[in-house]
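**Student:**
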Amino acid sequence: MSTDSAAPSLHEDAMPRRLGSLRLRLGLGVPLLTCAIVAVFEWSLGGFVVPAEGMARTAWLVLLLSAAQLLLIEMLMLRPLRRLAAGCEAMESAPVPLTPEDATPAPGLAAELDRIGHAMRRARGSLWQQDQHARELRRELTQQRLLLEQAQLALEANQRELASLARTDALTGLANQRAFDEALRREFKRAQRQRGLLALAVLDLDEFKAFNHHHGTAVGDAALQSVAGLLNERFKRDTDVVARLGGEEFVALLPGVGMAEAQGVLEQLRDDLRALRLPQGEGHLTLSVGLAAASPAHPYLSAQALMQAADEALYIAKHAGRDRLSLAA
């Protein structure tokens, strides 16, 4: 027999011998230790009453306690040790497993593993494509959101521009008829409520159709813009409203201003226009003005009545020879 085959046999014999030697030592040592403990216990109780009877009782007590201790040791320690030894022997006697090089899967298992690996690769590829699609979708959504915000800003700007155009004269930049009508109703009600002053002047360029026909439309438009500039220079207060009603007709609404003060400013405006000598410093474009003013001493029933009074004053100025200011009665 070879050395390798003899080694496990020697090891298998050594384990039972060690357990038997341990059981023998416990069988001798446990009774002796129990006897000593019982003797000390009896002595601590006052000694032996009758030596013979005490010895017999002690002997029985030692035997019973020793037997109980050995039984517990056998059940709680020796049997688990014996099972552990048997397990170790079984593990040592088991055949050596094959190395990875020698272990080859069955053909069916290899095919199944290939199919699983292929499916996992396809799943990874699909997940990667879905992630790319999600990223592209997020980019497109971001671009669409930016475009939507830009469109919203452009729409708001267009709405503001349309609102401004709806209330502004395109040629002169002054308020238009709609904006003036709203301002007239508002300021007239305020003047009535506060018993304040409100002056209204209607201004019309004299012989403007002939001027426009002689010098051309472009020169006529430039003249209208110059008149609008003069009106803006003369009426600078936040409460003043200057508008172009259409064609060559303008209007100035002056809250808190009476007849005399408004007359002085408008006469100065007529002088400024004559000094311009439109067109191009060579002409003689003039202005006719009709002025009406509401006050507690001279009230009007409505804003339309005040406007009509100013129009009638302008009509009188036109028929009186133009280039003049006429006051409403």
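Quick note: the sequence shown uses full-length UniProt numbering, first residue 1, plus one each step. Don't be surprised by glycine CBs; every beta carbon is placed ideally from N, CA and C.
From the DSSP secondary-structure annotation, give me the bridge partner or partners of residue 337.
**Tutor:** An answer regarding residue 337 cannot be provided, because it is not within the stretch 1 to 329 covered by the chain.
**Student:** With distances taken Cα to Cα, identify the nearest neighbour of Q192 among L224, A293, R270.
**Tutor:** In the sequence shown, the residue the question calls residue 192 occupies position 192. Of the candidates L224, A293, R270, the one whose C-alpha sits nearest the C-alpha of Q192 is A293.
**Student:** With 16 as the cutoff for other CB atoms within 10 Å, does D221 come out buried or exposed?
**Tutor:** Within the sequence shown, numbered from 1, the residue matching residue 221 stands at position 221. D221 comes out exposed.
**Student:** L171 by DSSP, collapsed to three states: which one?
**Tutor:** Position 171 of the sequence shown, counting from 1, holds the residue named residue 171. Looking at L171 - three-state DSSP - the assignment turns out to be coil, as it is neither helix nor strand.
**Student:** Using only the alpha-carbon positions, how far apart do A199 and L278 sit?
**Tutor:** If you number the sequence shown from 1, residue 199 lands on position 199. If you number the sequence shown from 1, residue 278 lands on position 278. Those two C-alpha atoms are separated by around 28 Å.
**Student:** Pick helix, strand or coil for G264, following the three-state DSSP scheme.
**Tutor:** Numbered from 1 along the sequence shown, position 264 holds the residue referred to as residue 264. Reduced to three states, the DSSP call for G264 is helix.
**Student:** Over what stretch of residues does the beta strand (DSSP E) that includes residue 346 continue unbroken?
**Tutor:** The first residue shown for the chain is 1 and the last is 329, placing residue 346 beyond what the model contains.
**Student:** Kindly identify the DSSP beta-bridge partner or partners of E249.
**Tutor:** Here residue 249 refers to the residue found at position 249 of the sequence shown. Per DSSP, D204, G246.
**Student:** Alpha carbons only, please: which of R82, L70, V40 is nearest the one belonging to R17?
**Tutor:** For the purposes of this step, residue 17 is taken as residue 17 along the sequence shown, with counting starting at 1. Comparing Cα-Cα distances from R17 to each of R82, L70, V40, the minimum goes to R82.
**Student:** Just checking, does the segment 309 to 325 make contact with the segment 219 to 238 on the three C-beta pairs under 8 Å criterion?
**Tutor:** Contact between the segment 309 to 325 and the segment 219 to 238 is absent, because fewer than three Cβ pairs lie under 8 Å.
**Student:** Quick check on the DSSP output: the alpha helix (DSSP H) that includes L230 runs from which residue to which?
**Tutor:** For the purposes of this step, residue 230 is identified with residue 230 of the sequence shown, where counting begins at 1. Start and end: 217 to 234.
**Student:** Given a threshold of 16 other Cβ atoms within 10 Å of its Cβ, counted over all protein chains shown, does M75 qualify as buried or as exposed?
**Tutor:** In the sequence shown, counting from the first residue as 1, residue 75 sits at position 75. By the neighbour-count rule (16 or more Cβ atoms within 10 Å), M75 is not buried but exposed.
**Student:** Look at the alpha carbon of A59 and the alpha carbon of L26, and state the distance between them as a whole number of angstroms.
**Tutor:** Sequence index remark: in the sequence shown, residue 59 carries index 59 (1-based). Sequence index remark: in the sequence shown, residue 26 carries index 26 (1-based). Cα to Cα, A59 sits roughly 18 Å from L26.
**Student:** Taking the alpha carbon of L287 as the reference point, which residue from L61, L63, S226 has its own alpha carbon closest?
**Tutor:** Counted from its first residue, the sequence shown places residue 287 at position 287. When each option's Cα is compared against that of L287, the closest is S226.
**Student:** Compute the Euclidean distance between the alpha carbons of A275 and G216, then round it to the nearest angstrom.
**Tutor:** Locating residue 275 in the sequence shown gives position 275, where the first residue counts as 1. Locating residue 216 in the sequence shown gives position 216, where the first residue counts as 1. Straight-line Cα distance between these residues: approximately 21 Å.
**Student:** Work out the CA separation of R145 and L171 for me, nearest whole Å.
**Tutor:** Within the sequence shown, residue 171 is the residue found at index 171, counting from 1. Within the sequence shown, residue 145 is the residue found at index 145, counting from 1. Taking the straight line joining both Cα atoms gives about 38 Å.
**Student:** Alpha carbons only, please: which of L65, R57, W43, L306 is nearest the one belonging to V34?
**Tutor:** Position 34 of the sequence shown, counting from 1, holds the residue named residue 34. For clarity, residue 34 is Thr in the given sequence; the question names Val instead. The residue with the shortest Cα to Cα distance from T34 is L65.
**Student:** How many angstroms separate the CA atom of V242 from the CA atom of A183?
**Tutor:** Within the sequence shown, numbered from 1, the residue matching residue 242 stands at position 242. Within the sequence shown, numbered from 1, the residue matching residue 183 stands at position 183. Roughly 10 Å between the two C-alpha positions.
**Student:** Helix or strand or just coil, what does DSSP make of S326?
**Tutor:** Residue 326 sits at position 326 when you count from the first residue of the sequence shown. Here S326 sits in strand by DSSP.
**Student:** Below 9 Å between beta carbons: does that hold for L203 and E249?
**Tutor:** In the sequence shown, the residue the question calls residue 203 occupies position 203. In the sequence shown, the residue the question calls residue 249 occupies position 249. A contact, by the Cβ cut-off of 9 Å.
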